[in-house]
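A.B. asks: Note that the sequence shown covers residues 1286 to 1523 in our numbering. Cβ atoms here follow ideal geometry from the backbone N, Cα and C, with glycine treated the same way. Structure incoming, see below.
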Amino acid sequence: MSRTTRLLTLLQVLRGKSRPVTAATLASELEISERTLYRDIAELTALGAPIYGEAGIGYVLRSGLFLPPLMLNADETEAIVLGLRYVDQRGDEVLSKAAADALAKIAAVLAPEALDALRNPTVMPGPPGYGFAPNAVPLNAFRQAIRDQAKLHIDYADAQQVPSQRLIWPLALGFLNEVRIIVAWCELRGAYRTFRTDRISAASEQGERYPGRRSDLLRTWRKQMQLDEAGRFTPDKN
């Protein structure tokens, strides 16, 4: 391990500790001598890292330090690349661009061996699907409503083209192989429902936030999905 990598690793370890850690513990975790550890901490402190230490108690990293990402190994690089390429295939224009930008940023800071894994991965996503039906409502409108916890009025048509109007609490967008869905609480049904985005012909915010926290509502939805695992998932039972 190079000295630079060791120093970054030490910062990463300290950042993951909520309580002071002794020099012996840190040295053991990094597989270095305590003498080397003391020297590394002194160097980091001289560079401005807010490391606080006290004899008999240990070291702790105070908040406020920006840490650059650690160097990725080949497997970690390929896992990220696989995920980003999957997003590029199945995401909308916003997510596809974000995936490309993220990949460029990662490539700019990778070590040579990891960069080779990025350019010549041993894993790859399957072929793109058959494409997605066009959306009358841009996905960004759903994204913004989700972030704002805004109630949405939507005009929807189910698999049999039966129209209905709903007032929903949008919780998340789902990107499946051939369809995109919005997970929501439906006030009409008084239950969680999923709606295919290509079957929503219109959507408008009502100027009202839905109650509770989105994270809590999502947690409840996930529990319900786990209970319903025996049943076939479909976004059309609305």
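With a threshold of 16 other CB atoms inside 10 Å of the CB of R1478, please say whether the residue is buried or exposed.
C.D. replies: The residue given as residue 1478 occupies position 193 in the sequence shown. By the neighbour-count rule (16 or more Cβ atoms within 10 Å), R1478 is buried.
A.B. asks: Comparing alpha-carbon positions, which option in W1454, A1399, R1507, P1448 lies nearest F1427?
C.D. replies: Within the sequence shown, the letter at position 142 stands for residue 1427. Among W1454, A1399, R1507, P1448, the Cα nearest to that of F1427 belongs to W1454.
A.B. asks: May I have the straight-line CA-CA distance separating V1372 from I1431, to the nearest angstrom?
C.D. replies: Walking along the sequence shown from the start, residue 1372 turns up at place 87. Walking along the sequence shown from the start, residue 1431 turns up at place 146. Looking at the two C-alpha atoms, the distance is approximately 19 Å.
A.B. asks: In the DSSP assignment, what are the bridge partners of L1452?
C.D. replies: Numbered from its first residue, the sequence shown carries residue 1452 at position 167. Secondary-structure assignment with DSSP links L1452 through a beta bridge to H1438.
A.B. asks: For my contact list, R1300 and D1325 are in at a C-beta cut-off of 8 Å; report their separation, rounded to the angstrom.
C.D. replies: The residue you call residue 1300 lines up with position 15 of the sequence shown. The residue you call residue 1325 lines up with position 40 of the sequence shown. Rounded to the nearest angstrom, the Cβ distance from R1300 to D1325 is 15 Å, too far for a contact under 8 Å.
A.B. asks: Which same chain residues, not among the five before or five after Q1374, have their C-beta less than 7 Å away from its C-beta?
C.D. replies: In the sequence shown, the residue the question calls residue 1374 occupies position 89. So the qualifying residues of the chain are P1410, P1413.
A.B. asks: Excluding the 5 residues preceding and the 5 following L1322 in the sequence, name in chain order all residues of the same chain whose CB lies nearer than 6 Å to its CB.
C.D. replies: If you number the sequence shown from 1, residue 1322 lands on position 37. So the list reads A1308, L1311, A1312, once near-sequence residues are dropped.
A.B. asks: Exposed or buried, which one is I1342 when buried takes at least 16 other CB atoms within 10 Å?
C.D. replies: Walking along the sequence shown from the start, residue 1342 turns up at place 57. Classification for I1342: exposed.
A.B. asks: What does a CB cutoff of less than 8 Å around S1381 pick up in its chain, not counting 5 residues either side in sequence?
C.D. replies: What you label residue 1381 is simply residue 96 of the sequence shown in a count that begins at 1. Correct list, in chain order: V1372, D1373.
A.B. asks: Is it buried or exposed, Y1441, if we count other Cβ atoms within 10 angstroms and call 16 or more buried?
C.D. replies: Numbered from its first residue, the sequence shown carries residue 1441 at position 156. Classification of Y1441: buried, given that the 10 Å Cβ count is 16 or more.
A.B. asks: Could you pull out every residue in the same chain whose Cβ sits closer than 6 Å to the Cβ of L1461, ignoring the five residues on either side in sequence?
C.D. replies: Stepping through the sequence shown from its first residue, residue 1461 is reached at position 176. Here the set comprises nothing.
A.B. asks: If we count the other Cβ atoms within 10 Å of its Cβ and call it buried at 16 or more, is N1523 buried or exposed?
C.D. replies: Position 238 of the sequence shown, counted from the start, is the residue given in the question as residue 1523. Its Cβ being crowded by 16 or more others within 10 Å, N1523 is buried.
A.B. asks: Skipping 5 residues on each side, what residues in its chain have a beta carbon closer than 8 Å to that of L1329?
C.D. replies: On the sequence shown, residue 1329 is found 44 positions in, with the first residue counted as 1. The residues are L1292, L1295, L1296, I1336.
A.B. asks: Identify which residue in Q1434, E1472, A1327, Q1446 has its Cα closest to the Cα of R1499.
C.D. replies: Within the sequence shown, numbered from 1, the residue matching residue 1499 stands at position 214. That would be Q1434, whose Cα lies nearest to the Cα of R1499.
A.B. asks: Quick check: L1424 and L1452, are their CB atoms within less than 8 Å of each other?
C.D. replies: Translated into the one-based positions of the sequence shown, residue 1424 becomes position 139. Translated into the one-based positions of the sequence shown, residue 1452 becomes position 167. No, they are not a contact pair.
A.B. asks: Would you please state the rounded distance, in angstroms, between the beta carbons of L1458 and R1465? I believe it to be under 8 Å.
C.D. replies: For the purposes of this step, residue 1458 is taken as residue 173 along the sequence shown, with counting starting at 1. For the purposes of this step, residue 1465 is taken as residue 180 along the sequence shown, with counting starting at 1. Yes, they are in contact, since the Cβ atoms of L1458 and R1465 sit about 7 Å apart, within 8 Å.
A.B. asks: Would A1384 pass as a contact of L1369 if the rule is Cβ separation under 8 Å?
C.D. replies: Within the sequence shown, the letter at position 99 stands for residue 1384. Within the sequence shown, the letter at position 84 stands for residue 1369. Their beta carbons are under 8 Å apart, which means A1384 touches L1369 by this criterion.
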